[in-house]
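**Student:**
2 protein chains.
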Amino acid sequence: MVVKVYGPAFACPKRVLICLVEKEIEFETVPVDIIKGEHKDPEYLKLQPFGVVPVIQDGDYTLYESRAIIRYYAEKYKSQGTDLLGKTIEERGTVEQWLEVEAQNYHPPIYNLVLHVLFSDKMGFPADAKVIEESEKNLGKVLDIYEERLSKSKYLAGDFFSLADLSHIPFTNYLGAMGKMYLIKEREHVSAWWDDISSRPSWKKVLELYPAPILE
Amino acid sequence: MVVKVYGPAFACPKRVLICLVEKEIEFETVPVDIIKGEHKDPEYLKLQPFGVVPVIQDGDYTLYESRAIIRYYAEKYKSQGTDLLGKTIEERGTVEQWLEVEAQNYHPPIYNLVLHVLFSDKMGFPADAKVIEESEKNLGKVLDIYEERLSKSKYLAGDFFSLADLSHIPFTNYLGAMGKMYLIKEREHVSAWWDDISSRPSWKKVLELYPAPILE
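Protein sequence lines, in the order shown, are assigned to chains A and B.
Okay, so the first sequence: first residue is 1 according to the UniProt record's numbering, each after it adds one.
Okay, so the second sequence: first residue is 1 according to the UniProt record's numbering, each after it adds one.
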C-alpha cells in the first residue's frame, strides 16, 4: 500500500514528503491547485473539512495536519530510516517542545511573510506592508532565541536531527525567493543549522520532485 | 519528585494541570503574574525564553509548551490514570490530528476573543471590535466542522476522551465569562461534547484550585 499525499507543491505537505523520504516510505502524490481554489472543492472537503493541504490516505486510514502526519509516520516506522523522535521519552518531549515552538512562534510570522510577499498577487489580495514589517520583526525575535539555543545544541531538540528541525524546512526555504535569507545568514548558529538541515538529501529530493508554485 | 508547574492561574498551564490530574501525577504550582509582567523577568526567561506560560520542572527535566508537556506525561505514564492517547498508533495519529486542529484552527480565534474581550483592560491595550467580530465568525466556522465531526463520534478523536478534547477545555470555559457560550450551546453535538468534557472531575478540581484571574 502506497501512501497518497495531497498538495505536494505547497509547503505544509512538503513537511510530510521530507518525513516520508527520511523514513524510506513509498508514496505517490495528488496535485491540489490552491491558486485555482481546488482545496475548497466539495470532494476535497470530504477528505479535509477545513480546506487546507495536506491530507494523506494510507489504505483506509486518512489523516490531515502536517505535524500530526509526520508524528504518525515517525512513530509507526520508528526503527526504519532516520529516527526523528529521539531515543528516550525525555528526548521525544524536547522534540515535541520544539515542534510546538515551530507551530506557535515560528510559523505565524513566516507564514504571513510568505503570504504577503510571495502569494498575495497570485491569490488576488493586496499585500499589507504593515503585516510584512511586523512579521519580519517577530520572526527576527524568534530567531534570536533560536541563535541562543543553537549555540548550545547542534539541532533544536539536541544532538540529533528530528521532526522539530524538519518542520522548519519548507517555509524557511521561501526566505530565499523573498530576498530575506539574511534573517538566517546574519545569525551564526542559525545559519550553520540551516546549511545543515537544508542540505539533507531528503529535502533536495522533495524540492527537485515538487518545485514550489512560486518558482514555476 | 513532584512536578512543578508555572503559571497555574492561566489557561495554557491549565491544560497541563488537567492532564496531571487525569494521569494521577503529583504536582505543585508556582504563580506567575502575567498582568504584572512576571513572565518577562530574566529569571523566568531562563526557564522559558519566549516569556510565556507554562513551563514545568520535573527533577532535572524542564519542558515548555503546554501541548508538548501533555504529550510527554500522557506517554510517560501511558498505563496510569486515564489513557489520553488511544489504544493503537492509528488512534494516536487521530488524537494528534485533532490536537493540531485545536492549536491551528480553534485556538487562534478563541485566544483573540479572550484577549480582547476579557484581558485588554487589565493588560492596558484597547479592545479591537473588528478583531472580536472576525474571531467570533472564524470560531463559529470551526465549530460548524466540529458539529459535523461530533455528530458521528462522541469525542474528537473517536469514542474515547483524549488529549485532543482536553486541550480545548481551558479556553472554551472563558466563553461563559464572555457571555458567548451560545457558540457552543447552539450546536447540538458540540454542546453535548462540552457538557461531557467540562464535567470531568479533573477540570472541576483544577478550576476550584486555580480560579482564572478574570474571575478573582
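Note that the Cβ used here is the ideal one computed from N, Cα and C, for glycine as well.
Give the straight-line distance between the Cα atoms of L143 of chain A and R149 of chain A, rounded to the nearest whole angstrom.
**Tutor:** 10 Å
**Student:** Is the Cβ of Y72 of chain A closer than 9 Å to any Cβ of chain B?
**Tutor:** yes
**Student:** Which residues in the same chain as H189 of chain A place their Cβ atom closer than 6 Å to its Cβ, once the five residues preceding and following it in sequence are excluded?
**Tutor:** E147, L150, S151
**Student:** If I follow the unbroken alpha helix (DSSP H) through V190 of chain A, where does it start and stop?
**Tutor:** 188-197
**Student:** Rounded to whole angstroms, what's the CA-CA distance from V2 of chain A to T29 of chain A? Just pull it up for me.
**Tutor:** 10 Å
**Student:** Against chain A, which members of the UniProt domain "GST N-terminal" (1-81) of chain B pass a CB distance test of less than 7 Å?
**Tutor:** Those would be P49, F50, Y61, L63, Y64, E65, R67, A68, R71, Y72, E75, K76, in chain order.
**Student:** Name, please, each residue of chain B whose Cβ falls closer than 9 Å to the Cβ of V101 of chain A.
**Tutor:** F50, Y64, E65, A68
**Student:** Return helix, strand or coil for G86 of chain A, following the three-state DSSP convention.
**Tutor:** coil
**Student:** Run through DSSP, which three-state label would Y73 of chain A get?
**Tutor:** It is helical.
**Student:** Could you give the distance in angstroms between the alpha-carbon of L156 of chain B and the alpha-carbon of E100 of chain B?
**Tutor:** Taking the straight line from one Cα to the other gives about 12 Å.
**Student:** At least one CB of chain A closer than 9 Å to the CB of E136 of chain B: is that the case?
**Tutor:** E136 of chain B does not count as touching chain A.
**Student:** Opposite Y155 of chain A in the DSSP bridges: which residues?
**Tutor:** A:G158
**Student:** Going by the beta-carbon positions, is the gap between K56 of chain A and Y64 of chain A smaller than 9 Å?
**Tutor:** In the sequence as displayed, the identity of residue 56 of chain A is Ile instead of Lys. The answer is yes: Cβ separation under 9 Å.
**Student:** By DSSP, does Y210 of chain A sit in helix, in strand, or in coil?
**Tutor:** coil
**Student:** Any Cβ of chain B within less than 9 Å of the Cβ of G158 of chain A?
**Tutor:** no
**Student:** Which complete alpha helix (DSSP H) runs does the UniProt domain "GST N-terminal" (1-81) of chain B hold, if anything under 4 residues is left out?
**Tutor:** 11-22, 42-47, 66-76
**Student:** DSSP three-state label for D128 of chain B, please.
**Tutor:** Three-state result, D128 of chain B: coil.
**Student:** State the DSSP-derived secondary structure class of H168 of chain B, mapped to helix, strand or coil.
**Tutor:** coil
**Student:** Between A:K4, A:I197, A:V131, A:E133, which has its C-alpha nearest D159 of chain A's C-alpha?
**Tutor:** A:I197
**Student:** Quick one: any contact between the region 103-111 of chain B and the region 127-136 of chain A, if contact means 3 or more CB pairs under 8 Å?
**Tutor:** no
**Student:** Give me, in chain order, the residues of the same chain whose beta-carbon lies closer than 7 Å to that of Q48 of chain B; leave out the 5 immediate sequence neighbours on both sides.
**Tutor:** V55, Y64
**Student:** Counting C-beta neighbours from all protein chains within 10 Å, is the total for P31 of chain A 16 or more, i.e. buried, or is it exposed?
**Tutor:** exposed
**Student:** Residues of chain A with CB closer than 9 Å to the CB of G140 of chain B, please, in chain order.
**Tutor:** None at all; the shortest Cβ gap to chain A is about 14 Å.
**Student:** Which residue from B:K87, B:L139, B:A68 puts its Cα closest to that of G93 of chain A?
**Tutor:** B:A68
**Student:** K87 of chain B and E136 of chain B: beta carbons closer than 9 Å?
**Tutor:** no
**Student:** Less than 9 Å separating the beta-carbons of I18 of chain A and P170 of chain A?
**Tutor:** yes
**Student:** Identify, in the order they occur along the chain, each residue of the same chain with its Cβ nearer than 6 Å to the Cβ of W194 of chain B, setting aside the five sequence neighbours on each side.
**Tutor:** I184
**Student:** Can you tell which of B:L20, B:T82, B:S202, B:E38 has its C-alpha closest to the C-alpha of M123 of chain B?
**Tutor:** A check of alpha carbon separations from M123 of chain B across B:L20, B:T82, B:S202, B:E38 identifies B:E38 as the nearest.
**Student:** DSSP state of R200 of chain B, grouped into three classes?
**Tutor:** Looking at R200 of chain B - three-state DSSP - the assignment turns out to be coil, as it is neither helix nor strand.
**Student:** Compare the C-beta of R187 of chain B with all C-beta atoms of chain A and state if any pair is closer than 9 Å.
**Tutor:** no
**Student:** Please confirm whether A11 of chain A and A103 of chain B have their CB atoms less than 9 Å apart.
**Tutor:** no
**Student:** Please state if the CB of Y182 of chain B and the CB of E90 of chain A are separated by a distance shorter than 9 Å.
**Tutor:** 9 Å or more divides the Cβ of E90 of chain A from the Cβ of Y182 of chain B.
**Student:** Secondary structure at K180 of chain A, three-state DSSP: helix, strand or coil?
**Tutor:** In the three-state DSSP reduction, K180 of chain A falls in the coil class, being neither helix nor strand.
**Student:** Give the residues of chain B in contact with G93 of chain A, contact being defined as C-beta atoms less than 7 Å apart.
**Tutor:** For G93 of chain A, the neighbours in chain B by C-beta distance under 7 Å run, in chain order, L63, A68, Y72.
**Student:** G7 of chain A: buried (16+ other C-beta within 10 angstroms of its C-beta) or exposed?
**Tutor:** buried
**Student:** Can you grab the Cα-Cα spacing for the pair D60 of chain A / D33 of chain A, in whole Å?
**Tutor:** Cα to Cα, D60 of chain A sits roughly 24 Å from D33 of chain A.
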